[in-house]
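Undergrad:
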Amino acid sequence: AEAEEVFQEVFWEIWQSAADYDPKRGSPEAWVVVRAKSRGIDRARAIRRRSEMTAGALTQVVTAAREPGRDPGVGAEERGAVRGALGQLPQNQREIIELAYFDGLTQTEIAGRLNQPLGTVKTRMRLGMDKLRSLMGPRR
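With the sequence shown counted from 1, adding 1299 to any position gets you our numbering.
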């Protein structure tokens, strides 16, 4: 889905700025490739930032819940939001995220424990984190 959106954005940008093309500066193919590369890098950075925000919020909630002597009322709303969002994930995504954040396992360890390919674990983790991000909204 992300690649398709970038593809559409690139061609929309090319359509809108075709008059800016200068044949003295390079071929049309190079002009298109530079724009596509820039949009792709921009999108990858945006995805990474969103993922870091969600992972950061989830890590803060998990860490706070583990602190000894922690007032149970502090952060209760945040913990409730995380629990509610986790409950809406497909079981296979929820399990992987819980193993990573609550049990502290790496993706490689999760793959071994669940007897699943590492690529499957990574994909489910990414899909689960994307879904959590959309369910929880922007948090910092």
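C-beta: ideal position from N, C-alpha, C; glycine also.
Is it the case that the Cβ atoms of L1426 and R1412 are separated by a distance below 8 Å?
TA: Start at 1 with the first residue of the sequence shown, and residue 1426 comes out as number 127. Start at 1 with the first residue of the sequence shown, and residue 1412 comes out as number 113. No. Outside cutoff.
Undergrad: DSSP three-state call for L1388: helix, strand or coil?
TA: Counted from its first residue, the sequence shown places residue 1388 at position 89. Looking at L1388 - three-state DSSP - the assignment turns out to be coil, as it is neither helix nor strand.
Undergrad: Looking at R1334: is its Cβ nearer than 8 Å to the Cβ of E1312?
TA: Here the question's residue 1334 lines up with position 35 in the sequence shown. Here the question's residue 1312 lines up with position 13 in the sequence shown. It is a contact, given that the beta carbons lie within the stated cut-off.
Undergrad: If we count the other Cβ atoms within 10 Å of its Cβ and call it buried at 16 or more, is Q1392 buried or exposed?
TA: Looking up residue 1392 in the sequence shown gives position 93. Looking at its Cβ environment, which holds 16 or more other Cβ atoms inside 10 Å, Q1392 is buried.
Undergrad: Quick check on V1373: does DSSP put it in helix, strand or coil?
TA: Residue numbering aside, residue 1373 sits at position 74 when the sequence shown is read from its first letter. Low confidence applies here, because V1373 scores a pLDDT of 48, under 50, leaving its location unreliable; read the following figure in that light. Coil at V1373, not helix or strand.
Undergrad: According to DSSP, simplified to helix, strand and coil, what is P1322?
TA: Position 23 of the sequence shown, counted from the start, is the residue given in the question as residue 1322. P1322 falls in the helix class under three-state DSSP.
Undergrad: When DSSP labels each residue in this structure, what does G1339 get in the three-state scheme?
TA: Translated into positions along the sequence shown, residue 1339 becomes position 40. G1339: helix per DSSP, three-state reduction.
Undergrad: With A1317 as the anchor, note down where its alpha helix (DSSP H) starts and where it stops.
TA: Start at 1 with the first residue of the sequence shown, and residue 1317 comes out as number 18. Here A1317 belongs to no alpha helix (DSSP H), and DSSP marks it neither H nor E.
Undergrad: Along the chain, where does the alpha helix (DSSP H) containing L1417 start, and where does it finish?
TA: Reading the sequence shown from its first residue, position 118 is the one you call residue 1417. Per DSSP, L1417 belongs to the alpha helix (DSSP H) from 1417 to 1435.
Undergrad: T1405 lies in the alpha helix (DSSP H); which residues open and close that run?
TA: The residue given as residue 1405 occupies position 106 in the sequence shown. No alpha helix (DSSP H) holds T1405; DSSP gives it neither H nor E.
Undergrad: Using the C-alpha atoms, what's the distance from S1433 back to V1373?
TA: Here residue 1373 refers to the residue found at position 74 of the sequence shown. Here residue 1433 refers to the residue found at position 134 of the sequence shown. Note that V1373 scores 48 on pLDDT, short of 50, meaning its location in the model is unreliable; the coordinates nonetheless yield the value given after this. Cα to Cα, V1373 sits roughly 24 Å from S1433.
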